[in-house]
Amino acid sequence: METILTKIIEQKKKEVAALYETYIPEKKKRTSYSLVEALQQFTVIAEIKRASPSKGDLNLQVDVAKQAGLYETNGAGAISVLTDGHFFKGSFHDLETVRNQVNIPLLCKDFIIDKIQIDRAYDAGANLILLIVAALSKEELFALYAYVKELGLEAIVEIHNEEELEIALELSPDVIGVNNRNLKTFEVDLRTTEQLGKRLNEQNVLWISESGIHTKEDITRVKQAGAKGILVGEAFMTASSVGDFFQSLQVTK
């Protein structure tokens, strides 16, 4: 059955083929920043997301450098940048722009299916790579995770249900991301964090909650479930003031 996720993966295959035709990895040495270290205290990962398949255009004209600077100034522990162009209207140029602006960990948020995408993210300045269990076979996931570690990067391994959780735990990953959004339907439910959090807490794993977080009450809820951080995109991208929104969440420095 075709889902939003399967459509995205088919598009990624085309993009990967194009990268192999046009892109030569440089792998320059650069400063490294660690999300694992940042998550020693509760951390907000603020996202730059111009659009999404479920919500449409969010903020197409965003000044990426300014937005990233506001995130860092107001206390974000890391920044996530959507680099998917076809569905989210992002780019690796956005990632590079943010890297030149801030001195905190930077996540390449994309649907990674091949090592060359990780090379491209590395060269653009990413410290973190998102690996989505639902988008990969177990063999692909393990191979890509090993490559992330080989490059000296960290990974957020994203899960949405118990079956994906068990696969992720086999990796002993840096960070697990619990996505409250079902990538097949794009419906959001914070109960996903509460349900999967119990098992993750038993395993003493570092984990964060992603998607569907808009209010101080939402943060309280995922904190109580055991999350060490949150990834917030849509709410920041549509806020009239980034600073005021941070204050409303009561997670400022």
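Numbering (the working numbering), first residue to last: 176 to 428.
Where is the CB? At the ideal position from N, CA and C, for every residue including glycine.
| Check | Outcome |
| --- | --- |
| C-beta contact flag for S255 and I220 at 7 Å | yes |
| Where G244 falls: helix, strand or coil (DSSP) | helix |
| Own chain partners of F263 with C-beta closer than 7 Å, once the 5 adjacent residues on each side are dropped | K224, R225, A226, S227 and L257 |
| Endpoints, the beta strand (DSSP E) within which S384 is located | W382 to E385 |
| Contacting residues, own chain, Cβ-Cβ under 7 Å from L180 (five flanking each side not counted) | A309, A310, L358 and K359 |
| Endpoints, beta strand (DSSP E) assigned at G404 | G404 to V407 |
| Close Cβ partners of L340 (< 8 Å) along its chain, the five nearest in sequence each way excluded | I334, I351, L371, R374 and L375 |
| N-terminal and C-terminal residue of the beta strand (DSSP E) that K284 is part of | L281 to K284 |
| Three-state secondary structure (DSSP) of S416 | coil |
| Local conformation of E434 per DSSP, three classes | No answer is possible for residue 434: the residues shown for the chain start at 176 and end at 428. |
| Local Cβ density within 10 Å of Q242, reported as buried at 16 or more and exposed below that | buried |
| Closest by C-alpha distance to Y322, when choosing among K398, Q216, F411 and R295 | R295 |
| Burial state of S415, where buried means 16 or more other Cβ atoms lie within 10 Å | exposed |
| Cβ-Cβ distance between L210 and A253 below 7 Å | yes |
| Of the listed residues L303, T395, A400 and G401, nearest to S423 (C-alpha basis) | T395 |
| Spatial neighbours of K398 in its chain, beta-carbon cut-off 8 Å, leaving aside the 5 residues before and after | F217 |
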